[in-house]
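Asks:
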Amino acid sequence: NPYAGLVSHLRASWLSGKTRPMEYRVAQLEALGRFLDDKKQEILEATELDMGKPSFEAFFSEILLCKNELNVTLNNLSHWMKDEHVDKNLVMQLDSAFIRKDPYGVVLIIAPWNYPIHLFLVPLIGAIAAGNCAIIKPSEISKNTERLVAETLCCYLDNDCFAVVTGGVPETTRLLENKFDYIFFTGTPPVGRIVMTAAAKHLTPLTLELGGKNPCYVSDTCDVANVARRVAWGRFFNAGQTCIAPDYLLCTIEMQEKLMPALREAITEFFGPNPRESLDFGRIVSDKQFQRLRALLGSGRVAIGGQTDEAERYIAPTVLADVLPSDPAMQEEIFGPILPIAVLANMDEAIDFINARPRPLALYAFSCDSKIVNQVLERTSSGGFCGNDTLMHVTLTSLPFGGIGNSGLGKYHGKFTFDTFSHHRGCLHRNMGLETLNTPRYPPYTQQKLGLLTTTFEVKRRGTCTLL
Amino acid sequence: NPCAGLVSHLRASWLSGKTWPMEYHVAQLEALGHFLDDKKQQILETSDMLHPWCLQASFEDKLSEILLCKNKFHATLNNLSCWMKDEKVDRTLVRGKREDGRHSWVGWWCRVGPDVAGVPQAMQLDSAFICKDPYGVVLITEPWNYLIQLFLVPPLLLVSPNFQTSGLEDPSKGAFLISLQDCFAVVTGGVPETTRLLENKFDYIFFTGSPPVGRIVMTAAAKHLTPLTLELGGKNPCYVSDTCDVANVARRVAWGRFFNAGQTCIAPDYLLCTIEMQEKLLPVLRKAINDFCGPSPRESLDFGRIVGDKQFHWVQRLLGSGRVAIGGQTDEAERYIAPTVLAEVQPSDPIMQEEIFRPILPIAVLANMDEAIDFINSQERPLAVYAFSSDDKVVNQVLERTSSGGFCGNDTLMHVTLTSLPFGGIGNSGLGMHHGKFSFDTFSHHHGCLKRVMGWEPLNASRYPPYSQQKFGVTRATPKVTRKNDCTLL
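Quick mapping for you: the protein sequence lines, in order, are chains A and B. Residue 23 in our numbering sits at position 23 of the first sequence, with consecutive numbering throughout. Remember, our numbering sits 1000 above the position in the second sequence when you count from 1.
1. Check whether the Cβ atoms of B/Asp1126 and B/Arg1381 sit closer than 8 Å, and answer yes or no.
2. Tell me which same chain residues have a C-beta within less than 8 Å of the C-beta of A/Ile253, skipping the five on either side of it?
3. So, B/Ala1333 versus B/Phe1303, is the Cβ gap smaller than 8 Å?
4. Which of the three DSSP states is assigned to A/Lys39 in this structure?
5. Report yes or no: is there a C-beta of chain B within less than 8 Å of the C-beta of A/Ala12?
6. For a cutoff of 8 Å on Cβ pairs, would you count A/Ser78 as touching chain D?
7. Any beta-carbon of chain B closer than 8 Å to the one on A/Ile99?
8. For A/His118 versus A/Glu48, is the C-beta distance shorter than 8 Å?
9. So which residues on chain A does B/Glu1457 lean against when the C-beta distance must stay under 9 Å?
10. Quick one: any contact between the segment 1352-1369 of chain B and the segment 1305-1322 of chain B, if contact means 3 or more CB pairs under 8 Å?
11. So, is A/Asn214 buried or exposed, given that buried needs 16 or more other C-beta atoms within 10 angstroms?
12. Looking only at its chain, what residues have a beta carbon closer than 8 Å to the beta carbon of A/Ser422, apart from the 5 residues adjacent to it on each side?
13. Report the three-state DSSP secondary structure of A/His423 (helix, strand or coil).
14. Could you give the first and the last residue of the continuous beta strand (DSSP E) run that contains B/Val1453?
15. Measure the Cβ-Cβ separation of B/Val1365 and B/Thr1274 and say whether it is below 8 Å.
16. Could you tell me which residues DSSP puts in a beta bridge with A/Leu65?
17. Tell me the DSSP secondary structure of A/Pro510 in three-state form.
18. Apart from the five residues on each side of it in sequence, which residues of its chain come closer than 6 Å, Cβ to Cβ, to B/Arg1011?
19. So, with DSSP's three-state summary, where would you put B/Leu1301?
20. To the nearest whole angstrom, what separates the beta carbons of B/Cys1449 and A/His413, a pair I think is in contact under 8 Å?
21. Of the choices A/Gly17, A/Asp287 and A/Lys67, whose alpha-carbon is the least far from that of A/Asp38?
22. Can you confirm whether B/Thr1417, when its beta carbon is compared against all beta carbons of chain A, has any partner nearer than 8 Å?
23. Taking buried to mean at least 16 other C-beta atoms within 10 Å of its own C-beta, is A/Met22 buried or exposed?
24. From what residue to what residue does the alpha helix (DSSP H) around A/Pro170 run?
25. How is B/Cys1082 classed by DSSP in three states: helix, strand or coil?
26. Once the 5 residues before and after B/Gly1033 are set aside, which same chain residues still bring their CB inside 6 Å of it?
27. Could you please give me the residues that DSSP links to A/Phe366 through a beta bridge?
28. Is A/Thr186 near the ligand PLP, in the sense that its beta carbon is under 7 Å from a heavy atom of that ligand?
29. What's the C-alpha gap between A/Pro337 and A/Ala316?
30. If we define contact as Cβ-Cβ less than 8 Å, is A/Gly52 a contact residue for chain B?
31. Please go through the same chain and pick out, in chain order, the residues whose beta-carbon is closer than 8 Å to the beta-carbon of A/Leu453, but skip the five residues on each side of it.
32. Name the two residues that bound the continuous beta strand (DSSP E) containing B/Arg1323.
33. For B/Arg1215 and chain A, any beta-carbon pair shorter than 8 Å?
34. Is there a C-beta anywhere in chain A that falls below 8 Å from the one on B/Ser1403?
35. Determine which residues share a DSSP beta bridge with A/Ala130 and list them.
36. Which residue wins for smallest C-alpha separation from B/Lys1201, given the options B/Gly1190, B/Gly1214, B/Gly1209 and B/Lys1223?
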């Protein structure tokens, strides 16, 4: 077990209590901030090499959003770390009852390739804030970013408590044989199952941020031009390689006909008449992903785009019309710049269609009529929801971000990350004296004692008492 | 797959939206309350079946099974509408320092003109909230030691249909069927039935039981990516410092250890103290046991029995650990084990290798608190850690330097009676938590929701390509959630 030594070293550091004081955590978090500042240019270059990520997009997702999370955490850490005092019953009025936020210990963070800095750094912020040690496993597919992280992060963080491990599937499999105290995994559902099965051997709690096909329902009453822009932006950001991107559109045939020119116009507005020449449109991360995506272009009919270039791993911003549920594009998460439109008769059919499928990470609904947006929200189930836009709900650090069912379990962002990585320990500190308060509970048991206990312990149903 | 039809029926009910209105939840909860009231006598009698020689069950069961359950009902019904409400959240109002050095409030999607001192942030027009959604069809697996409470408590706070199986060891408890409706069902059976049940896809699994079975349940859950809560067990250490009121400690520890004849997942499993404290504790433990159960506990109506022959088995081997200082008598026919205290137990003794779950309290002697803390930290993390001291600093040290599901200073068991404290394990003792609002939160999916306006498109313009230096500059200048104390303006 090649990683056993590393894991025990980190565990020993954790047991020494080094990560507990707030000052230590703040220092590590500030170091992460300096990493983002100092290495900004290298991050932008590495992500461009990995998947042609435009600098603007890379800055926004890999630097800006991360710094937001860092600052929210630094601004609130002392408050989050405090013991939370709770309501007590009659018998415990003189006692101290509170929830203590304890770290788990040594956590493992496994990150994917599509937002390679963000998707390890944001969980890491919460892990550090909660007082844990961590092993970070960046994706080998975004190899330039992986190298950058492996070579430079150690210069910023305490190497007794944090480490980066690189490698592919075999290395990750060996790593998962070790006992971790928490595992945070972002990736696909099949690998999520493997990770959870490995976690089960050690009863390790975990968060799985997975994926799925995020439906996007567009009602007949909407501002078509705005919808087209917002959907196109969400779909083609990072060349479609976003777990919360709108995966497919559901609308009536009339709306499809209206949307098509509006989508065409939005794409032209964003990327010009030839997106291949636009500096603002990314590329597919690998040959394997490229081949997979090219095969999906046979679904429905290509209404916009459809051009590809294998050498560049370029796939044009593409819209497929009249796609059928049985088509290849509807069988798997697309994760590329292809937007299928499936035509249905009305909202009820759309909701039934959505509910017949695994629960997605995000669900989108567009309508000028807020009742429709609410209907879709109430009658479906998903990780998160956004009405009249795409992607934006995950930029609010005050909203929990996570999946449900096939799209994952657990949640994070903002305080939710801190809570994810801390164990909420219920604590009661009683008085050593005042023994008479305890005597009704001791044997020998009598009716009188039971009556007394009932009176002192009972939580009454509100509205049942005549006295206030 | 014998249960497949039942699971799909329940799932169809859930999809129909039947369980979603609050009135439905309240009606089901009230029905569970009626169940407790109507069936109280039968519940107590069935518990008596486990303790055929005494009425200990009645008091302890009235306390744990009825009173504490009803508390949780009332706490839930009192708060349900508040828990179910959408929680509105802060919409980020970000402020940043612009490149000209002036501060302005800007949305980071917002184009800002140079003269603007304050601009309504795009998100201020939106609605952002957390919606509490049900998971769907949940499975609750109940162990045998606190029959009713351990299965009723989680579904008290269910906002989704539940589907449960009775304890593996004692199918007779399954005789209490909640009236079968479209949304709730009870399935009885042992290990083979539960294995088949776990092949189905559930949307949440709540399991209470032992760590080995917990691993099996989690592995089954992994196949369907089902989230779960595991309430497991372990050896709960109880540290007694040299400065304490010995008589009070003895009573509180004895009560916690011998309640339900020791068959409590949070019972103090073993004591850690100095040799001097052991010598002081033994006579007062003897007195406490005598006060509680009389000179012959076997004849006391207030002391229970062991649930089954399998659990009774091994007891002689365990009693061979250390030396029997108090009790030690057993009767196989009655499945009786006397309230027993073992002195000078070694870490290598059989009784220190597994969760005891019987009315036996071993005392392991150590030199001081640091040794006790090191010993605790070298073992698997338990469901509860107990520390007794008149010196608060000692209690706090133990709390800070150990890790456990829950903690109680200067008493045993009592922390779980507060519905405002989360109850759950860590590491080998489990994952997830429940009780009170924590149960509601456990069984609901916190759905992050943002509803934006259809119009106001210019506010979005700066995020769209083509990306320009100017847009880039705006973004760089704006959006940081700044570090407090960075800004000179408030």
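All residues carry an ideal CB built from backbone N, CA and C; glycine is no exception.
Replies: Taking the structure as given:
1. If you number the second sequence from 1, residue 1126 of chain B lands on position 126. If you number the second sequence from 1, residue 1381 of chain B lands on position 381. Not closer than 8 Å, so no.
2. One-based indexing of the first sequence puts residue 253 of chain A at position 253. Val343, listed in sequence order.
3. Sequence index remark: in the second sequence, residue 1333 of chain B carries index 333 (1-based). Sequence index remark: in the second sequence, residue 1303 of chain B carries index 303 (1-based). Not a contact, by the Cβ cut-off of 8 Å.
4. The residue given as residue 39 of chain A occupies position 39 in the first sequence. In the structure shown, A/Lys39 sits in coil (DSSP, three-state: anything other than H, G, I, E or B).
5. In the first sequence, the residue the question calls residue 12 of chain A occupies position 12. For A/Ala12, the answer is no, since every Cβ of chain B falls outside 8 Å of its Cβ.
6. Protein chains in the displayed structure are A and B, and chain D is not among them.
7. Here residue 99 of chain A refers to the residue found at position 99 when the first sequence is read from its first residue. With 8 Å as the cut-off, A/Ile99 counts as an interface residue toward chain B.
8. Position 118 of the first sequence, counting from 1, holds the residue named residue 118 of chain A. Position 48 of the first sequence, counting from 1, holds the residue named residue 48 of chain A. In this structure, A/Glu48 does not lie closer than 8 Å to A/His118 by Cβ.
9. Indexing the second sequence from 1 puts residue 1457 of chain B at position 457. Ordered by position in chain A, the residues that pass the 9 Å Cβ test against B/Glu1457 are Asp223, Ala225, Asn226, Arg229 and Arg230.
10. yes
11. Reading the first sequence from its first residue, position 214 is the one you call residue 214 of chain A. Buried.
12. Numbered from 1 along the first sequence, position 422 holds the residue referred to as residue 422 of chain A. Result list for A/Ser422: Lys101, Asp102, Pro103, Tyr104, Ala130 and Gly131, in chain order.
13. For this step, residue 423 of chain A is matched to residue 423 along the first sequence. Correct three-state label for A/His423: strand.
14. In the second sequence, counting from the first residue as 1, residue 1453 of chain B sits at position 453. Counting along the chain, B/Val1453 falls outside any beta strand (DSSP E), and DSSP gives it neither H nor E.
15. Counting from 1 along the second sequence, the entry for residue 1365 of chain B is found at position 365. Counting from 1 along the second sequence, the entry for residue 1274 of chain B is found at position 274. Closer than 8 Å, so yes.
16. Translated into the one-based positions of the first sequence, residue 65 of chain A becomes position 65. For A/Leu65, which the question treats as bridged, DSSP gives no partner whatsoever.
17. Not covered by the structure: residue 510 of chain A. The range shown for chain A is 1 to 468.
18. The sequence position of residue 1011 of chain B within the second sequence is 11, counting from 1. Val1137.
19. Residue mapping note: residue 1301 of chain B aligns to position 301 of the second sequence, counting from 1. Looking at B/Leu1301 - three-state DSSP - the assignment turns out to be coil, as it is neither helix nor strand.
20. Counting from 1 along the second sequence, the entry for residue 1449 of chain B is found at position 449. Counting from 1 along the first sequence, the entry for residue 413 of chain A is found at position 413. Wrong, their Cβ atoms sit about 14 Å apart, outside the cutoff.
21. Taking the first sequence and counting its residues from 1, the one referred to as residue 38 of chain A is at position 38. Among A/Gly17, A/Asp287 and A/Lys67, the Cα nearest to that of A/Asp38 is on A/Lys67.
22. Along the second sequence, one-based indexing puts residue 1417 of chain B at 417. Closer than 8 Å to some Cβ of chain A, the Cβ of B/Thr1417 qualifies, so yes.
23. If you number the first sequence from 1, residue 22 of chain A lands on position 22. Its Cβ having fewer than 16 others within 10 Å, A/Met22 is exposed.
24. On the first sequence, position 170 is the one that residue 170 of chain A refers to. That run of the alpha helix (DSSP H) goes Val169 to Leu175.
25. Position 82 of the second sequence, counting from 1, holds the residue named residue 1082 of chain B. Looking at B/Cys1082 - three-state DSSP - the assignment turns out to be helix.
26. Looking up residue 1033 of chain B in the second sequence gives position 33. Counting only Cβ-Cβ distances below 6 Å, and skipping sequence neighbours, we find Phe1073.
27. Translated into positions along the first sequence, residue 366 of chain A becomes position 366. Answer is A/Val218, bridged to A/Phe366.
28. Looking at this structure, you won't find the ligand PLP or any other ligand, since it has none at all.
29. As a working mapping, residue 337 of chain A is identified with position 337 in the first sequence. As a working mapping, residue 316 of chain A is identified with position 316 in the first sequence. About 7 Å.
30. Along the first sequence, read from residue 1 onward, the residue named residue 52 of chain A stands at position 52. So, not an interface residue.
31. Position 453 of the first sequence, counted from the start, is the residue given in the question as residue 453 of chain A. Pro440 and Arg441.
32. Counted from its first residue, the second sequence places residue 1323 of chain B at position 323. Run containing B/Arg1323: Arg1323 to Ile1326, per the beta strand (DSSP E) assignment.
33. Within the second sequence, residue 1215 of chain B is the residue found at index 215, counting from 1. Yes - at least one Cβ of chain A is within 8 Å of the one on B/Arg1215.
34. Looking up residue 1403 of chain B in the second sequence gives position 403. Output row for B/Ser1403: interface = yes.
35. Here the question's residue 130 of chain A lines up with position 130 in the first sequence. According to DSSP, which records beta bridges pairwise, A/Ala130 is partnered with nothing at all.
36. Here residue 1201 of chain B corresponds to residue number 201 of the second sequence, with the count starting at 1. The shortest Cα separation from B/Lys1201 among B/Gly1190, B/Gly1214, B/Gly1209 and B/Lys1223 belongs to B/Lys1223.
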